[in-house]
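**Q** Take this structure first; my questions come after.
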Amino acid sequence: MFVQRQGLVVWLYSLKQAKMLRRFGNVHYVSKKLKYVVLYCNQEDLDGIVEKLNSFSFVKKVEPSYKPFLKMEYENSAPDKAKEYDYKMGI
């Protein structure tokens, strides 16, 4: 039902072509100072998109996000007793 998405960080030499990257996925953020674009695309199309982006002359490098592969549920994490007491008091 839901399509798995993954982020890409595209480092550019110039921001003139940043608008053109919209055809590869959803542009989430453009950094003017550091000259990079955060782009979200379908995880199944990722390899083809990375190859195509690397072939452009205005792209320095493309880095995929590793967030979909990280474990986000932590085990054996003990709650902080002081915070728990504050929540009960309504602070």
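Position one of the sequence shown corresponds to residue 3 (my numbering), numbered consecutively onward.
All C-beta atoms, glycine included, are put in the ideal place defined by N, C-alpha and C.
Small disclaimer: the values here were computed from a predicted structure and weren't measured.
1) State the Cα-Cα distance for the pair E46 and F71, rounded to the nearest angstrom.
2) Between Q19, F4, E77 and Y68, which has its C-alpha nearest V61's C-alpha?
3) In or out: L10 buried (at least 16 other Cβ within 10 Å) or exposed?
4) Along the chain, where does the beta strand (DSSP E) that runs through E53 open and close?
5) Helix, strand or coil: how does DSSP classify Q45 here?
6) I need the straight-line Cα distance from L36 to W13, nearest angstrom please.
**A** Checking against the coordinates, here is how it stands:
1) In this structure, the alpha-carbon of E46 lies about 14 Å from that of F71.
2) Nearest of Q19, F4, E77 and Y68 to V61, Cα basis: Q19.
3) Per the 10 Å Cβ criterion, buried.
4) No beta strand (DSSP E) holds E53; the alpha helix (DSSP H) holding it covers L48 to S57.
5) Looking at Q45 - three-state DSSP - the assignment turns out to be helix.
6) Looking at the backbone, the Cα of L36 and that of W13 are separated by about 8 Å.
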